[in-house]
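Novice:
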Amino acid sequence: QQPVQSPQAVILREGEDAVINCSSSKALYSVHWYRQKHGEAPVFLMILLKGGEQKGHDKISASFNEKKQQSSLYLTASQLSYSGTYFCGTDPSGNQFYFGTGTSLTVIP
Amino acid sequence: DGGITQSPKYLFRKEGQNVTLSCEQNLNHDAMYWYRQDPGQGLRLIYYSQIVNDFQKGDIAEGYSVSREKKESFPLTVTSAQKNPTAFYLCASTDLERGGNTIYFGEGSWLTVV
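Residue numbers (my numbering), protein chains in the order written: chain A, 1 to 109; chain B, 1001 to 1114.
So this is what it looks like as structure tokens:
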């Protein structure tokens, strides 16, 4: 049930871009993206509900493929504040939520 | 302000003891969840509940128990049967009626076995 995330970790310099992927073996009802700082609760970034959907705000955006089995999170022109662990949350049936193993993102000056 | 309150923030447990983590929400959400997070790991589902007086096991329910006597409360008991309980525990809730909605998290509880 747990979605697969890649990469596991990435280190960027300020201003560089990154892509984080989230895949499921089954079509999903929705996919959520969260960012978590160490020892804190995950913070909601965005949710995608429709196949082929793309959305974003500021310099963080995400896509959901047509078959609703894969989502990607795009971080452009990264800032130091983007550092943290990113999780995708998937909802295979509309009432349960499973989270990926996380991607550790570190932005350095 | 609406939200989810978890307590305590930090808890120490002796070997063989049961401990209970509190989770209260005032968002009027039907669904509530408990997740466990180990250092450097993802969130794993322990139990979830979609309605009062009903709950289901997640992927790692062994050694844990829950109750859902009130809509706003979903306490988690870590029993002595849980052999490795040291972890960060997160409670969450969502509004199932509107479907695909945002999951709200509490601030988490750190449990350490001493």
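No residue lacks a Cβ here, since even glycine has one placed at the ideal position from N, Cα and C.
For a contact meaning CB atoms closer than 8 Å, what does Thr90 (chain A) contact in chain B?
Specialist: Simply none; closest approach about 11 Å.
Novice: According to DSSP, is Tyr86 (chain A) helix, strand or coil?
Specialist: In the structure shown, Tyr86 (chain A) sits in a strand (DSSP, three-state: E or B).
Novice: So, for Pro1039 (chain B): in the same chain, excluding its five sequence neighbours on each side, which residues have a beta-carbon less than 6 Å away from its beta-carbon?
Specialist: If we look at Pro1039 (chain B) and ignore the five residues flanking it on each side, it has no Cβ neighbours.
Novice: Could you tell me the distance, in whole angstroms, from the CA atom of Lys37 (chain A) to the CA atom of Lys67 (chain A)?
Specialist: Their backbone Cα atoms lie some 31 Å apart in a straight line.
Novice: Leaving out five residues on either side along the sequence, give the residues of the same chain with a beta carbon under 7 Å from the beta carbon of Ala18 (chain A).
Specialist: Cβ within range, chain order: Val10, Leu12, Leu75, Ser78, Leu105.
Novice: According to DSSP, simplified to helix, strand and coil, what is Ser30 (chain A)?
Specialist: Here Ser30 (chain A) sits in strand by DSSP.
Novice: Could you check how far apart the C-beta atoms of Glu1072 (chain B) and Gln1025 (chain B) are, in whole angstroms? I think they sit under 8 Å.
Specialist: Indeed, because the Cβ distance is near 6 Å, the residues count as touching under 8 Å.
Novice: DSSP state of Leu1076 (chain B), grouped into three classes?
Specialist: Strand, per DSSP.
Novice: Between the alpha carbons of Asp58 (chain A) and Tyr1035 (chain B), how many angstroms are there, rounded?
Specialist: Going from the Cα of Asp58 (chain A) to the Cα of Tyr1035 (chain B) covers about 30 Å.
Novice: Take Gly15 (chain A) and list the residues in its own chain whose beta-carbon comes closer than 6 Å to its own, dropping the five residues that flank it on each side.
Specialist: Contacts found: Ala77.
Novice: With which residues is Thr20 (chain A) paired in a DSSP beta bridge?
Specialist: Rather than Thr, the amino acid found at residue 20 (chain A) in this sequence is Ile. According to DSSP, which records beta bridges pairwise, Ile20 (chain A) is partnered with A:Leu73.
Novice: Considering only the beta carbon of each residue, do Leu1090 (chain B) and Gly1108 (chain B) sit closer than 8 Å?
Specialist: Yes, they are a contact pair.
Novice: Could you list which residues in chain B have their beta carbon closer than 8 Å to that of Gly15 (chain A), in chain order?
Specialist: Here the premise fails: no neighbours, minimum Cβ distance about 27 Å.
Novice: Would DSSP call Leu1096 (chain B) helix, strand or coil?
Specialist: If DSSP states are grouped into helix, strand and coil, Leu1096 (chain B) belongs with the helices.
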